[in-house]
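Chains as they are written, first to last, in the numbering used here: chain Z, 1 to 354; chain L, 1001 to 1438.
Glycine included, every Cβ here is placed at the ideal spot set by N, Cα and C.
A quick note: this is a predicted structure, and the numbers were derived from the prediction, not measured.
Below: one structure, written as structure tokens.
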Amino acid sequence: MVALALLTAACGTGTSTGGETAGSRAGPGGTITEAGSGLLDPLAVAWATAYHQQFADVTVTTASVGSGKGIALATAGKIDIGASDAYLSSGDLVKNQNLLNVPLAISAQTIIYNLPGMSQGSHVQLNGTVLAGIYDGTITTWNDPAIASLNQGLHLPDIKIVPIHRSDSSGDTFLFTSYLSTQDPNWNDAIGYGTTAAWPQVPRAKGANGSVNTMNDCEHTPGCVAYNGISYLSKALAGRLGEAALANSAGRYTLPTASAIRDSVGSFVSITPPNETISMIEGPSATGYPIINYEYAVVSTRQPNATKASMIRAFLKWVITTGNDASYVDRVGFQPLPAAVVSLGEAQIAEIGP
Amino acid sequence: MTATAAPARRRPISQTARRAVVTTPAAIRVLMMSLVLLSLTWGAFGGWAANEHSSGASAVVAVDEPLSLDARQMYESLADADVTITTAFLASAQPPLRLLQRYQADIATASADLAKLRTGGGNESPYSALSSGLPRYTGYVADAESQYSLGYPLTGGSFMQVASEEAHLVLLPAAKAVFTQENAALTAASSQATGLPTMIVALVIALIAGVALYRAQRWLTRRTNRVFSAGLMLASALLAISAVWIAAAFGVARSDLDRGIGQGSQPAETLAQASISVQQIRGDAVLNVISRSGDASFQQDFVATSKLVGPGNNTLLTSADAASTGSRQAASLVAAAEREATAWYAANSGVYRLGVAANYGAERNMVIGTGSGSSAAGYAALENDITQAINDDQAVFRSAATAGANVLNPLEPVVIAASLLMAVACVWGFSRRLAEYR
């Protein structure tokens, strides 16, 4: 799905974000192209809209094509900013030494399911081992003892499980398989984690291309379980899907609430390295949600000209400051970047030049 | 009328004047000074030329060759450190102590080599990159170890990725630049030790001095009716001995050095390049496993680099095989390396096929597994043979270069002493003639 933000609102006032002040941005305008993560896309559209309202001479186009394709397009120089749920791999960075990955916001991944008759107030509790069993075909029904043992007192229906996974190269797959690998050694040995995976052959399993299709397929498939970004959670809940509580590293089951996400992030802020490559899956927080991540902008430090470089710097600075205001991130369930991570981001953004 | 006497037949004024000015004693003195100066010139230039070649040969043996070895060892240590620690954590969040110790030993070796190499001078840029990059690299590895030990393997894995980026983007390119720099210095020192121009000029000066001595003896014979001048005969003999000595010694040393370079240094350098390429292929395969990107971005590099390494026409291994004539053992090891490379490439291709299929578990096992047919086992056998062959070739070079340097070392004092004695002999020889005019 391609969402194109072409807006004509009047200029407003922006927030100073350092050397290049969003509100006082000078110089010729133009278009910034962004494509990638479906998880980030709803927020990217909101940012594009708001930015154009503040700076009418700059248009930001967005496209939800999946993290893998977003990285590939940014690497090939076909777009200005690739959006990814996964940080750039060391292989990507070694092959493309001009690329940066700059965190734009904090996201989480949800596990959704379609269990007819199940109240949305009841959250099925799942852990990585059980999810790995579902996705490798050893757990096939919702009332399997392995699931029931995690959900005592909850009536689980005797219906077949339909595991849905992403068929495209996806940051969501990277996050989900990372969680499975951490909690299930067998999954780690046999399958591992990545933006794509060699999914075991499981009867009824389905592949879906993109976040929206994943959600839609699950809505139309009783017994489905799927992983999807938190930015689609409100739509999923509106579509009568359930939301699972996941086991964290302390064995507690948590939902992706704002406080649970913030708790998880807290333990990673001080150790985030200068290039901001870090996995935050299954952090040490006992009250934290286990599948959280930075949403990254993949951008080249070598832009075709100074004007384009200046535009991209200004936009990214605006995103990690003004764009992280609750009025933006709350609407998709994201959390704002902590100040220390904003500083690291600003240092990286300053490297973007002609 | 007074008869006027007929004027005596007068000599031409110029001849008279010359006789008046250049008397025989004066001419002898001028000749003596000239031959003394010529003798000293031979001593100075011949001694300098001998010193140039001797110091060049000594530098090759004592400085440049060891520094080139250190540079290769530094690259090898850094590459091995990264592959060792990365594969160790790929295999287990709590790697065996021997692998952690091997990583630490590699880092210690690389640091020591860096300190030694830096004192050797050269372009500072790669040294600065290594000095600042090495602590960053070990810091990221320490962060990774800390996260693994706390039970957060994914966070540990992401730190290992950052560390590997530092290794592949900063440390290994800088170490390769240092290796290239040190090899260039080794080549320059070898050229200085075996170059012909200065030695030819020195021998031309010796020839001029010989002709001057001969002409001086003839002149003395005609002017003083003495058949021999013992002093000039002695000076001539000294000149002949020193000139023949320097020419013969240089010829022998040059032959030794050329043999050492051709049969030892050059195949060793070719093998060192092959070794660096092999380590790059191995490092890329490991990097691809931890990247988990599901693509084969390094596959093209692997194919291109394997074609460079060989075996095959104009490849590094085959060239080294042809050049390793100084050591039968080295030639045998290179031949074995050629066979092992072919098998290893097949295993490595399998690794990339598994990566493209997102079969990360099998890909990882293929890369870190040590069983026969695994990429790790193939790499270990190949690298072991190449390293041993390099050591053998370097032993050939060291032996020949040391022999050459030993021949050249006494030349400078011999030439200088001979020239001083020549000067004394000239003064002695001419002084005896001058004494006859007093």
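Residue i burial status per 10 Å Cβ neighbour count (16 or more: buried)
| i | result |
| --- | --- |
| Glu-1436 (chain L) | exposed |
| Val-1227 (chain L) | exposed |
| Gln-1263 (chain L) | buried |
| Asn-228 (chain Z) | buried |
| Met-1033 (chain L) | exposed |
| Asp-330 (chain Z) | exposed |
| Leu-1232 (chain L) | buried |
| Thr-1004 (chain L) | Note that Thr-1004 (chain L) has pLDDT 43, beneath the 50 cutoff, so the model's placement of it is unreliable and the number below is only indicative. It counts as exposed. |
| Met-1001 (chain L) | Low local confidence applies: a pLDDT of 38 at Met-1001 (chain L) is under 50, so the model's placement there is unreliable, and no value is given. |
| Asn-188 (chain Z) | buried |
| Gln-1073 (chain L) | buried |
| Ile-112 (chain Z) | buried |
| Ala-347 (chain Z) | exposed |
Straight-line gap, residue i to residue j (C-alpha atoms, nearest Å)
| i | j | result |
| --- | --- | --- |
| Leu-126 (chain Z) | Pro-103 (chain Z) | 28 Å |
| Ala-72 (chain Z) | Lys-78 (chain Z) | 9 Å |
| Leu-93 (chain Z) | Phe-1302 (chain L) | 17 Å |
| Gln-335 (chain Z) | Ala-258 (chain Z) | 7 Å |
| Gln-1161 (chain L) | Ser-1291 (chain L) | 7 Å |
| Pro-290 (chain Z) | Asp-144 (chain Z) | 23 Å |
| Ala-1216 (chain L) | Phe-1430 (chain L) | 10 Å |
| Gln-1279 (chain L) | Asn-1384 (chain L) | 11 Å |
| Gly-133 (chain Z) | Thr-1387 (chain L) | 47 Å |
| Tyr-1247 (chain L) | Ser-1058 (chain L) | Here residue 1247 (chain L) is Ala; the residue named in the question, Tyr, does not match the sequence. Their backbone Cα atoms lie some 18 Å apart in a straight line. |
| Asn-1313 (chain L) | Gln-1300 (chain L) | 20 Å |
| Gly-1283 (chain L) | Ala-1202 (chain L) | 52 Å |
| Asp-1143 (chain L) | Ala-63 (chain Z) | 36 Å |
| Gly-353 (chain Z) | Met-311 (chain Z) | 10 Å |
| Val-1204 (chain L) | Val-1427 (chain L) | 23 Å |
| Leu-1234 (chain L) | Ala-1240 (chain L) | 10 Å |
| Pro-304 (chain Z) | Gln-1147 (chain L) | 39 Å |
| Ser-1319 (chain L) | Ser-1190 (chain L) | 21 Å |
Minimum Cβ-Cβ distance from residue i to chain C less than 8 Å
| i | result |
| --- | --- |
| Asn-275 (chain Z) | In the structure shown, chain C does not exist; the protein chains are Z and L. |
Beta bridge counterpart(s) of residue i as assigned by DSSP
| i | result |
| --- | --- |
| Val-102 (chain Z) | Z:Ala-297 |
| Cys-224 (chain Z) | Z:Val-162 |
| Glu-243 (chain Z) | Z:Ile-112 |
| Tyr-253 (chain Z) | Z:Ala-247 |
| Ile-292 (chain Z) | Z:Ala-108 |
| Ser-84 (chain Z) | Z:Tyr-296 |
| Gln-125 (chain Z) | Z:Ala-245 |
Contact set for residue i: own chain, Cβ-Cβ below 6 Å, skip 5 residues either direction
| i | result |
| --- | --- |
| Val-1289 (chain L) | Glu-1363, Arg-1364 and Val-1367 |
| Thr-21 (chain Z) | Any answer about Thr-21 (chain Z) is weak, because its pLDDT of 49 lies below 50 and its placement is not dependable; what the coordinates show is given next. Same-chain partners within the cutoff: there are none. |
| Leu-1038 (chain L) | Ala-1209 and Ala-1212 |
| Asn-96 (chain Z) | Thr-75 |
| Glu-282 (chain Z) | Thr-182, Ser-249 and Pro-290 |
| Val-162 (chain Z) | Arg-204, Thr-221, Gly-223 and Cys-224 |
| Leu-1238 (chain L) | Ala-1418, Leu-1421 and Met-1422 |
| Glu-351 (chain Z) | Thr-301 |
Cβ pair residue i, residue j closer than 8 Å
| i | j | result |
| --- | --- | --- |
| Val-298 (chain Z) | Gly-82 (chain Z) | yes |
| Thr-31 (chain Z) | Ser-1158 (chain L) | no |
| Glu-1340 (chain L) | Gly-1378 (chain L) | yes |
| Leu-1150 (chain L) | Pro-284 (chain Z) | yes |
| Phe-1167 (chain L) | Asp-1082 (chain L) | One point to set straight first is that residue 1167 (chain L) is Ala, not Phe, in the sequence displayed. Yes; because the gap between Cβ atoms is below 8 Å, this pair is in contact. |
| Ala-105 (chain Z) | Leu-337 (chain Z) | yes |
| Tyr-1127 (chain L) | Ala-1163 (chain L) | no |
| Ser-302 (chain Z) | Ile-349 (chain Z) | Residue identity differs from the one stated: residue 302 (chain Z) is Arg in this sequence, not Ser. The answer is no: Cβ separation not under 8 Å. |
| Ser-1327 (chain L) | Val-1396 (chain L) | yes |
| Ala-44 (chain Z) | Ile-261 (chain Z) | no |
| Ala-286 (chain Z) | Arg-240 (chain Z) | no |
| Arg-1432 (chain L) | Glu-1065 (chain L) | no |
| Leu-1411 (chain L) | Ser-1054 (chain L) | yes |
| Tyr-1075 (chain L) | Ala-1175 (chain L) | yes |
| Gly-38 (chain Z) | Gly-68 (chain Z) | no |
| Ser-1401 (chain L) | Val-1060 (chain L) | Just to set this straight, residue 1401 (chain L) is Ala in the shown sequence, not Ser. Taking 8 Å as the Cβ cut-off, Ala-1401 (chain L) and Val-1060 (chain L) qualify as a contacting pair. |
| Ser-279 (chain Z) | Thr-1155 (chain L) | yes |
Spatial neighbours of residue i in its chain, beta-carbon cut-off 7 Å, leaving aside the 5 residues before and after
| i | result |
| --- | --- |
| Leu-1317 (chain L) | Ala-1274, Val-1309, Gly-1310, Pro-1311, Val-1334, Ala-1337, Glu-1338 and Ala-1341 |
| Asp-1321 (chain L) | Ala-1331, Val-1334, Ala-1335 and Glu-1338 |
| Thr-214 (chain Z) | Ile-164, Arg-166, Ala-208, Ala-226 and Asn-228 |
| Gly-266 (chain Z) | Ser-285 |
Cut-off 8 Å between Cβ atoms - residues of its own chain near residue i, not counting five sequence neighbours on either side
| i | result |
| --- | --- |
| Ala-1323 (chain L) | Gly-1262, Gln-1263, Gln-1266, Pro-1267 and Thr-1270 |
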